[in-house]
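Enquirer: In the numbering used here, the protein residues as written are 475 to 933. Glycine included, each C-beta is placed from N, C-alpha and C at the ideal position.
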Ligand code: UDP
């Protein structure tokens, strides 16, 4: 109610002075509280309201109210576009709990605004948090044991245009910089300059332990039969001759590439182009295939193995034509075993971190095909910084076409550029082994962390 009331009062002001029509759009789980309905029903006719379809309250009961609100907002987002499209909207003003709705507005070309219900003092503090975090040393503000009294800063914090504030008066979550360190699954030799820079910057605030690469060493999959099909197939191939194609545990290709960015355009399916590119290259492959979906991360959230057959999305005759050349595995393969097999010579990956580390551990050079999240960032690291990968270029329509795919596969498997990439990857594999050796950087960082933990009083 503390958010609803100022929102409707703001709406009234707008209607009164500027003759607008306002719709309050409200996400709920379960039926809306009586008090909320009373406020909304008493509004003038030029302010109406819409309750979005109630979302599931699964898992919300025991959560903090702020988290309940934020999750309800997120779960309600899919029904928001329909409401926005049903009327001519000139602006969408969202509450701080509804930040995700800003993107929905943007996609529909509706100008997005935030109604920040607190004051300018709070906004000043929040908007300057990164700077404060950088400049204020931890010793003074750190509350190591939740509940203990905070050490106060010697000087009050001065925010431009605001009254100086003592650190004891800052909101609790800001005072409570409880984490003392961060453990990273990387190693010095892999990201030396980034780790060193972080160490220098963060040294005054918290410790950093690069302890990696930590990867799976074997399979704990129950599906050994499917796994062994892959491995048996690899046993019959030549050394380093097979390209492994896999988009992680849930990544899928879109029906029409880059739909997320270019909603209105229609392209041939990316899956089709990848299939024909593999075929055109003439190189051996194992492809872990999932059905296309325009949400590239969909299978992380739902099990798709029961209700579809990914092979149905392949180009006509592809499986028969590539019988001697490749193996298409629906849904899942034993990736670590495939990467450790001597016949595997390349990996076309979606660039999530585990896949990258597993590839480094086995010295397999890469083709990068990022789909979402941090994967594009990782692709740049692999391709431009570490030079252990080749990256196909999307055409002007945002699609990786078959010729480009075939060219990059050939590039990796036989050409000069591939040889360079292989040699860099070999170097990284050796560096990874060194990092994990008895006196390697990761082993030392682990020992340092262990010794720090040992010397802590136990509670
Ligand atoms: N994985 C696998 N078989 C598959 C797909 C994925 O064994 O067919 C494993 C892979 O070896 C890795 C993990 O699942 O350990 C995927 O993690 P990653 O960070 O690479 O990708 P994510 O699934 O988180 O996007």
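1. Please indicate yes or no: does the CB of residue 810 lie closer than 8 angstroms to some heavy atom of the ligand UDP?
2. Is it buried or exposed for residue 702, if we count other Cβ within 10 angstroms and need 16 for buried?
3. With three or more beta-carbon pairs closer than 8 angstroms as the criterion, would you say the stretch 526–537 touches the stretch 587–606?
4. Between residue 754 and residue 743, is the Cβ-Cβ spacing less than 9 angstroms?
5. Could you tell me the alpha carbon to alpha carbon distance between residue 916 and residue 685, rounded to whole angstroms?
6. Expressed to the nearest angstrom, what Euclidean distance is found between the alpha-carbon atoms of residue 903 and residue 766?
7. Just checking, does the stretch 705–714 make contact with the stretch 807–827 on the three C-beta pairs under 8 angstroms criterion?
8. Taking the C-alpha atoms as reference points, what is the distance between residue 928 and residue 913?
9. Can you round the beta-carbon distance between residue 654 and residue 682 to whole angstroms, since I take them to be within the 8 angstroms contact cut?
10. Which first and last residues belong to the alpha helix (DSSP H) in which residue 577 is found?
11. For residue 720, name the three-state secondary structure that DSSP assigns.
12. From residue 630 to residue 896, what does the alpha carbon distance come to, in whole angstroms?
13. According to DSSP, is residue 934 part of a helix, a strand, or is it coil?
14. Could you tell me the boundaries of the alpha helix (DSSP H) in which residue 607 lies?
15. Which residues in the same chain as residue 549 place their Cβ atom closer than 8 angstroms to its Cβ, once the five residues preceding and following it in sequence are excluded?
16. Just to confirm, does residue 830 get its C-beta within under 8 angstroms of one of the non-hydrogen atoms of the ligand UDP?
17. Taking DSSP's pairing of strands, which residues face residue 863 in a bridge?
18. Is it the case that the CB of residue 821 approaches a heavy atom of the ligand UDP more closely than 8 angstroms?
19. Could you check which residue in 782, 716, 690, 520 has the C-alpha nearest to that of residue 798?
20. Measure the C-alpha to C-alpha separation of residue 832 and residue 484 and round it to an integer number of angstroms.
21. Is residue 691 near the ligand UDP, judged by its Cβ being under 8 angstroms from some heavy atom?
22. For a test of your reading of the model: does the CB of residue 805 fall under 8 angstroms from any non-hydrogen atom of the ligand UDP? Yes or no.
23. Counting beta carbon pairs with one atom in the stretch 540–560 and one in the stretch 491–501, are three or more of them shorter than 8 angstroms?
24. Give me the residue from 757, 749, 821 with the minimum Cα distance to residue 786.
25. Who are residue 758's beta bridge partners in DSSP?
26. So, under 8 angstroms CB-CB, residue 524 and residue 478 are touching, yes? Tell me the CB distance rounded to an integer number of Å.
27. Work out the CA separation of residue 509 and residue 571 for me, nearest whole Å.
28. Around the Cβ of residue 926, are there at least 16 other Cβ atoms within 10 angstroms (buried) or fewer (exposed)?
29. Going by alpha carbons, who is nearest to residue 804 out of 891, 667, 821, 784?
30. When every heavy atom of the ligand UDP is checked, does at least one fall within less than 8 angstroms of the C-beta of residue 827?
31. Taking only the alpha-carbon atoms, compute the straight-line gap between residue 723 and residue 806 and give it to the nearest angstrom.
32. With a threshold of 8 angstroms (Cβ to nearest heavy atom), would residue 762 be considered close to the ligand UDP?
33. Which residue spans inside the stretch 871–922 form an unbroken alpha helix (DSSP H) run of at least 4?
34. What are the partner residues of residue 545, as DSSP defines its beta bridges?
35. Buried or exposed: which applies to residue 541, given that a residue is buried once 16 or more other Cβ atoms fall within 10 Å of its Cβ?
Expert: On the basis of the supplied data:
1. yes
2. exposed
3. No, because fewer than three Cβ pairs between the stretch 526–537 and the stretch 587–606 fall closer than 8 angstroms, the two stretches do not touch.
4. no
5. 4 angstroms
6. 33 angstroms
7. yes
8. 20 angstroms
9. Actually they are not in contact, since the Cβ atoms of residue 654 and residue 682 sit about 11 angstroms apart, beyond 8 angstroms.
10. 574–581
11. strand
12. 56 angstroms
13. This structure cannot speak to residue 934, because the chain is shown only from 475 to 933.
14. 603–609
15. 501, 503, 529, 530
16. yes
17. Paired residue(s): 840.
18. No - the ligand UDP has no heavy atom lying nearer than 8 angstroms to the Cβ of residue 821.
19. 716
20. Cα-Cα distance, rounded: 54 angstroms.
21. Not so, every heavy atom of the ligand UDP lies at least 8 angstroms from the Cβ.
22. Yes - the ligand UDP has a heavy atom lying nearer than 8 angstroms to the Cβ of residue 805.
23. With a cut-off of 8 angstroms, the stretch 540–560 and the stretch 491–501 count as touching, because enough Cβ pairs lie within range.
24. 749
25. 716
26. Contact flag wrong, Cβ pair sits at about 14 angstroms.
27. 20 angstroms
28. exposed
29. 784
30. Yes, Cβ of residue 827 sits closer than 8 angstroms to a heavy atom of the ligand UDP.
31. 8 angstroms
32. Set against 8 angstroms, the gap from the CB of residue 762 to the closest heavy atom of the ligand UDP is smaller.
33. 876–887, 890–910
34. The partner list for residue 545 (beta bridge, DSSP) is empty, contrary to what the question assumes.
35. exposed
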